[in-house]
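Protein sequences, first through last, are from chains R and X.
Add 2 to the 1-based position in the first sequence for my numbering, that's all there is to it.
Add 2 to the 1-based position in the second sequence for my numbering, that's all there is to it.
Protein chains: 2
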Amino acid sequence: MPNGAPKLEVLTEIEQEVVNMCADAVRVAGLPKSLGEIYGLLFISRDPHSLDDLVGRLQISKGSVSQGLKALRMFGAIREREGADARRTYFEADIKLKKLVGGFIREQLRPHLKSGNERVKELEKVVMEEEDPDQRVFYEQRVKKLERWLKQGKLILPLMQRVLGE
Amino acid sequence: MPNGAPKLEVLTEIEQEVVNMCADAVRVAGLPKSLGEIYGLLFISRDPHSLDDLVGRLQISKGSVSQGLKALRMFGAIREREGADARRTYFEADIKLKKLVGGFIREQLRPHLKSGNERVKELEKVVMEEEDPDQRVFYEQRVKKLERWLKQGKLILPLMQRVLGE
DNA sequence: AATCTAGTTCAAAAAAAATTGAACCTGTCA
DNA sequence: TGACAGGTTCAATTTTTTTTGAACTAGATT
Numbered sequence: 003m004p005n006g007a008p009k010l011e012v013l014t015e016i017e018q019e020v021v022n023m024c025a026d027a028v029r030v031a032g033l034p035k036s037l038g039e040i041y042g043l044l045f046i047s048r049d050p051h052s053l054d055d056l057v058g059r060l061q062i063s064k065g066s067v068s069q070g071l072k073a074l075r076m077f078g079a080i081r082e083r084e085g086a087d088a089r090r091t092y093f094e095a096d097i098k099l100k101k102l103v104g105g106f107i108r109e110q111l112r113p114h115l116k117s118g119n120e121r122v123k124e125l126e127k128v129v130m131e132e133e134d135p136d137q138r139v140f141y142e143q144r145v146k147k148l149e150r151w152l153k154q155g156k157l158i159l160p161l162m163q164r165v166l167g168e
Numbered sequence: 003m004p005n006g007a008p009k010l011e012v013l014t015e016i017e018q019e020v021v022n023m024c025a026d027a028v029r030v031a032g033l034p035k036s037l038g039e040i041y042g043l044l045f046i047s048r049d050p051h052s053l054d055d056l057v058g059r060l061q062i063s064k065g066s067v068s069q070g071l072k073a074l075r076m077f078g079a080i081r082e083r084e085g086a087d088a089r090r091t092y093f094e095a096d097i098k099l100k101k102l103v104g105g106f107i108r109e110q111l112r113p114h115l116k117s118g119n120e121r122v123k124e125l126e127k128v129v130m131e132e133e134d135p136d137q138r139v140f141y142e143q144r145v146k147k148l149e150r151w152l153k154q155g156k157l158i159l160p161l162m163q164r165v166l167g168e
């Protein structure tokens, strides 16, 4: 009978430190702290953890951990693994920066660029209706500027991924 | 006697659209909406605006606009300009993407990388105290990984600035 | 089939962040 | 000098975001 009981111990100093660093790092990216805490603990752990392990060690609710794991899986930041209790799902961190940044770009940045494009197209239409010719010319310049910004954004994402390709 | 009275008119469709786009864009970067609204209105205006103009047109409080302008000045995203009323300070948008991104990197990203470095140095010390040799080797690997991540981050910032050099 | 249990969902609660507005500077003008 | 106006500050309030936890689903297990 395998020991599948969730771990309940408190975090060691090292674990706590890494968990905090990751929590702060994801905040910079505008993601919830709990996500970083979960990733941080997996990152600094040799053995994979189950949902209940994470609840016990990090002292955050089952709901938060469930949602956090879901998001991290979407980013490709964690992987499922076999573990002590065949009934549970265990997770380990994917530590390739390329993967993490790639997931972030795909899930967070690209959707915004996409909707930005649509909005600029809308803008072009509205600008065409401007009566005053000088004003219209000015607006056209500015909208063109927005378009160029979006293009630059689209350009820089794959570049970032390439550079972080290690 | 120059007419320095603040503008009170409501936003046109175009202005509203650009203001909203900028508001959403800065949210992605983790900055307050009001900052984006202010920048957006300046971006799409031919003439510079005073603090009271912005309060009147955007319907946000004097306090918020004052703070927003302060932050935008720090980023280098806006410039002071002469205007109708010699007593007031007027602002116009700096529309060079390089400048905007540069300001963001300098004010928001670099400080985090810096504190990250310090924290990793702290971590190294704590790891040295780990008794179990296998565990210590594992921790050393992970801390090294964190160091590499920070280095990559430092590497990519100037690259971004260069690419956005237009 | 009834019971367990790992995991999910989501409305409500809590926490964090942004905004407000009144008090307060500071320099100008009469 | 005193009244005034532009601008700043910051404690209190509002809004937004995150977290919680109880109810629920689904897939074993007896």
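Beta carbons: idealized from backbone N, C-alpha and C, even for Gly.
For residue 27(R), the uninterrupted alpha helix (DSSP H) segment begins and ends at 15-30. Residue nearest to residue 27(R) within the set 30(X), 152(X), 140(X) is 152(X) (criterion: CA-CA distance). Residue 15(R) counts as exposed, since fewer than 16 other beta carbons sit within 10 angstroms of its beta carbon. For residue 79(X), the secondary structure class from DSSP, reduced to helix, strand or coil, is coil. Look at the region 51-85 of chain X: it has no residue with a C-beta under 9 angstroms from a C-beta of chain R. By the 16-neighbour rule on beta-carbons within 10 angstroms, residue 73(X) is buried. Under the three-state reduction of DSSP, residue 117(R) is assigned to helix. According to the DSSP assignment, residue 39(R) belongs to the alpha helix (DSSP H) that extends over 35-45. With its beta carbon at least 8 angstroms from every one in chain R, residue 108(X) lies outside the interface. The Cβ atoms of residue 78(X) and residue 36(X) lie no closer than 8 angstroms to each other. In chain order, 57 place their CB closer than 8 angstroms to the CB of residue 63(X), counting only its own chain and leaving out the 5 sequence neighbours on each side. Distance from the CA of residue 155(X) to the CA of residue 65(R), rounded to the nearest whole angstrom, comes to 32 angstroms.
Scanning its chain for C-beta atoms nearer than 8 angstroms, with the 5 sequence neighbours on each side dropped, one finds around residue 119(R) the residues 152, in chain order.
In the same chain as residue 102(X), and ignoring 5 residues on each side of it, the C-beta atoms closer than 6 angstroms to its own belong to 79, in chain order. Contacts with chain X (Cβ-Cβ distance below 7 angstroms) from the region 21-55 of chain R involve 23, 30, 32, 45, 46, 48, listed in chain order. Take the alpha-carbon of residue 59(R) and the one of residue 48(R): they are about 15 angstroms apart. In the three-state scheme derived from DSSP, where H, G and I count as helix and E and B as strand, residue 95(X) is classed as strand. In the displayed model, residue 52(X) falls within a strand according to three-state DSSP. DSSP, read as helix, strand or coil, puts residue 149(X) in helix. Within the same chain, 78, 79, 80, 81 come within 7 angstroms of residue 96(R) by CB-CB distance, once the 5 residues on both sides are set aside. Residue contact with chain X for residue 12(R): absent (no Cβ-Cβ distance below 8 angstroms to any residue of chain X). Under the 8 angstroms criterion on CB atoms, residue 121(R) is classed as interfacial with respect to chain X.
Taking CB atoms only, residue 128(X) has a neighbour in chain R less than 8 angstroms away. Residue contact with chain R for residue 165(X): present (Cβ-Cβ distance below 8 angstroms to some residue of chain R). Residues of chain X with a Cβ closer than 8 angstroms to the Cβ of residue 159(R) do not exist; the shortest Cβ-Cβ separation is about 11 angstroms. Cβ contact annotation for residue 20(R) (same chain, cutoff 7 angstroms, sequence separation greater than five): 42, 45, 46, in chain order. The DSSP-derived three-state label of residue 157(R) is helix.
Shown in chain order are the members of the region 134-163 of chain R whose Cβ falls below 8 angstroms from a Cβ of chain X: 137, 140, 141, 144, 147, 148, 150, 151, 154, 157, 158, 161, 162.
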